[in-house]
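First residue of the sequence shown? That's 21 in this note's numbering, and the numbers climb one at a time after it. Ideal Cβ placement from N, Cα and C applies to all residues, glycine included.
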Amino acid sequence: NKIGRPAKTLEVLPEARASQRQDLSLQYINALAGLQRWNEIKDLLMSERFPIEPMFQHVYLAAAQKQLGSATGATNEWQRALEVAKTPEKLMALAQYAEQNSTNDIADAAYSAAIKVEPKTRGAYDGRLRLALAAGHTAEAQKIAAEIAQVWPDDTAARNQDAYLRLLLGASNGAAEAAEREADILVKKQPFNWLVRATLGLARLRLGKNKEALAAIREPRVTGVEPPGPLAVRAAILAANGYEDGARNDARLVSAKPLLPEERALIVPLLQ
Numbered sequence: 021n022k023i024g025r026p027a028k029t030l031e032v033l034p035e036a037r038a039s040q041r042q043d044l045s046l047q048y049i050n051a052l053a054g055l056q057r058w059n060e061i062k063d064l065l066m067s068e069r070f071p072i073e074p075m076f077q078h079v080y081l082a083a084a085q086k087q088l089g090s091a092t093g094a095t096n097e098w099q100r101a102l103e104v105a106k107t108p109e110k111l112m113a114l115a116q117y118a119e120q121n122s123t124n125d126i127a128d129a130a131y132s133a134a135i136k137v138e139p140k141t142r143g144a145y146d147g148r149l150r151l152a153l154a155a156g157h158t159a160e161a162q163k164i165a166a167e168i169a170q171v172w173p174d175d176t177a178a179r180n181q182d183a184y185l186r187l188l189l190g191a192s193n194g195a196a197e198a199a200e201r202e203a204d205i206l207v208k209k210q211p212f213n214w215l216v217r218a219t220l221g222l223a224r225l226r227l228g229k230n231k232e233a234l235a236a237i238r239e240p241r242v243t244g245v246e247p248p249g250p251l252a253v254r255a256a257i258l259a260a261n262g263y264e265d266g267a268r269n270d271a272r273l274v275s276a277k278p279l280l281p282e283e284r285a286l287i288v289p290l291l292q
């Protein structure tokens with residue numbers, strides 16, 4: 021059971037033994053965390069009796085401070101963790117811990133720092149993009165997607181995402197035509213990929229080619245496992261072609277799901 025396992029760890033791993041190596045120290049602290057013994061964790065870490073890498077020390081102290089109700093203390097510890105994490109590996113580990121703990125400002129700062137130290141740290145770009153999308157910051161997400169496409173020009177998924185986000189942000193004319201050309205090629209190669217179909221459909225919608233936009237999203241059949249963004253685009257295209265019932269149905273299906281503000285704006289008229 022949940023309490024039994026951490027308690028068992030503390031039985032077989034006395035503090036004196038745990039203090040001899042970092043891996044044992046972390047096991048010991050994780051067991052205390054499993055038993056919600058945050059005061060003990062804080063005291064142990066602040067006493068510096070355990071041979072723990074400073075970054076991990078500050079991360080665990082941040083968790084303890086948060087659990088003990090000190091938001092300021094937690095923020096300070098996250099900041100200290102960021103200051104001592106110097107290598108791409110440590111920065112990536114810190115970013116992932118921060119993201120898991122919903123401390124997204126530190127996660128983003130750590131991902132950004134990892135990119136500065138090692139510009140081709142792909143996981144850091146992906147992390148920044150994920151955070152921007154989750155926060156609904158479309159312009160920031162587009163900027164990051166464009167950077168990924170620039171550093172990895174052969175990554176068609178990144179190029180497609182950049183084009184899609186540009187279109188959501190209102191790209192038209194030449195930019196929409198370029199997005200249409202590239203998405204058209206991708207749809208031929210990946211006919212079941214809803215993300216590229218959404219880009220093609222949205223590009224045509226922005227260019228006033230409503231019937232061609234409809235052709236882009238006619239297939240494949242919707243099964244309910246599609247990403248919500250492309251379904252919002254599909255709803256807007258159906259509405260533009262006079263298929264009100266289908267459009268409203270799609271809009272209702274995705275209205276409760278996570279959407280970017282610009283995706284939600286596409287379906288708002290259909291929910292009234």
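Residue ranges of uninterrupted alpha helix (DSSP H) with 4 or more members, entirely inside the stretch 56-103 and ordered along the chain, are 58-67, 74-87.
The stretch 165-190 contains, as complete alpha helix (DSSP H) runs of 4+ residues, the segments 176-188 (chain order). Put simply, the stretch 248-262 touches the stretch 279-289. At least three CB pairs are less than 8 Å apart. Closest option to M112, judged by alpha-carbon separation, among P173, A27, G143: G143. Just so you know, the alpha carbons of Q87 and R69 end up roughly 22 Å apart. Distance from the CA atom of P74 to the CA atom of P34, rounded to whole angstroms, is 22 Å. Every alpha helix (DSSP H) stretch that sits fully inside the stretch 190-248 and reaches 4 residues is listed by chain position as 193-209, 214-226, 230-237. Shown here for L81: same chain residues with a beta carbon closer than 7 Å to its own, the five before and five after excluded, namely K62, L65, E97 in chain order. Between R268 and L290, the C-beta gap is smaller than 8 Å, which places the two residues in contact. Per DSSP, reduced to three states, the secondary structure at A105 is coil, with no helix or strand assignment.
A direct Cα-Cα distance of roughly 21 Å separates D182 from G228. Taking a contact as a CB-CB distance under 8 Å, the pair L149 and A165 counts as one, their CB atoms being some 6 Å apart. Put simply, the backbone Cα of E60 is about 8 Å away from that of L52. When secondary structure is reduced to three states using DSSP, A276 falls in the coil class, being assigned neither helix nor strand.
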